[in-house]
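Numbering (our numbering), first residue to last: 12 to 269.
These notes are about the structure you will find just below.
Now the structure itself:
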């Protein structure tokens, strides 16, 4: 059985449309959006682990780099996974308020640290996850290397990130990132009177699909790559140079350390 066979059954057009619909609520109702994303992510990780090991990841330890305020902790706790969140920004840890954070953090551990220098021993966790973080750090493949370092042989590393030239590459800057990152950032600051939270060159960087695939292939641990939010029949876009930069949107790299 291929690593992605179980998850592929979940990757339907209806799922894609449902997640796209939830995306509209990211700013107006972040609890709704991130709760839905967290549940979908926990299901994806469970399916990928099942595809490798033939059993669910119950009681396994998962390290979530850039885990934020607790939505993902709650989702993984519900799946019976031991959760450790890593977040460099204390404001992000508390962004959801005490109710969600308290519920999400029950039974979970949280560490303030950089994903590019993880304070964990080699081969110390079963699963490493990075969801939409690589485009926010200046050295995304150092982040990837750290994830591989701390994950046990036979474990699972899932690095998912927003592709720069995709429609969501500019984040809150919208499609202006097609004008160039620096120009889009300057335009946003002029319009709103302050820099974007995801500001090009400081907290947002141009990461391509090709770079991620090249890095992952070079590790010798890559077992699958696919567009995170696309239906299964559109996964072939990942193998088409140039086109994938615009249409993949969010690339998932699945690695199995040896």
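Every residue, glycine too, gets a C-beta built ideally from N, C-alpha and C.
Boundaries cannot be given for residue 118, as no alpha helix (DSSP H) includes it and DSSP labels it neither H nor E. In this structure, the beta-carbon distance from residue 46 to residue 142 does not fall below 8 Å. Assignment of residue 80 by DSSP, reduced to helix, strand and coil, places it in the coil class. Per DSSP, residue 22 is not a residue of any beta strand (DSSP E), being assigned neither H nor E. Beta-bridge pairing by DSSP links residue 96 to 75 and 121. Around residue 150, the same chain offers 127 as residues with beta carbons nearer than 6 Å, after the five sequence neighbours per side are excluded. Here DSSP, grouped into helix, strand and coil, assigns residue 131 to coil. Listed as beta-bridge partners of residue 211 by DSSP are 215. DSSP, read as helix, strand or coil, puts residue 177 in coil.
Residue 55 and residue 154 have their alpha carbons spaced roughly 21 Å apart. Minimum Cα-Cα distance from residue 85 among the listed residues 215, 230, 51 and 148 corresponds to 51. At a Cβ-Cβ threshold of 8 Å, residue 122 and residue 62 do not count as neighbours. Rounded to the nearest whole angstrom, the CA to CA distance from residue 249 to residue 186 is 21 Å. Here residue 44 is buried: its Cβ has 16 or more other Cβ atoms, across all protein chains shown, within 10 Å. For residue 65, the closest C-alpha among the options 18, 206, 28 and 93 is that of 18. Here the alpha carbon of residue 80 sits roughly 27 Å from the alpha carbon of residue 237. In this structure, residue 120 keeps its C-beta atom at 8 Å or more from the C-beta atom of residue 99. The alpha-carbon of residue 83 is positioned some 34 Å away from that of residue 190. Straight across, the Cα-Cα distance linking residue 175 with residue 184 is about 12 Å.
Assignment of beta-bridge partners to residue 232 by DSSP yields no partner. DSSP places residue 162 within a strand segment (E or B) once states are collapsed to three. Residue pairing by DSSP places residue 142 opposite 171 in a beta bridge. Excluding its 5 nearest sequence neighbours in each direction, residue 234 has C-beta neighbours in its own chain below 7 Å: 14, 265, 266 and 267, listed in chain order. By the Cβ-count criterion, residue 241 is buried, with 16 or more other Cβ atoms from all chains shown falling within 10 Å of its own Cβ.
Cβ-Cβ distances below 8 Å link residue 53 to 83, 86, 87, 89, 90 and 92 in the same chain, with the five nearest sequence neighbours on each side left out; the list follows chain order.
When DSSP states are grouped into helix, strand and coil, residue 40 belongs to the coil group.
Taking the CA atoms as reference points, residue 169 sits about 10 Å from residue 75.
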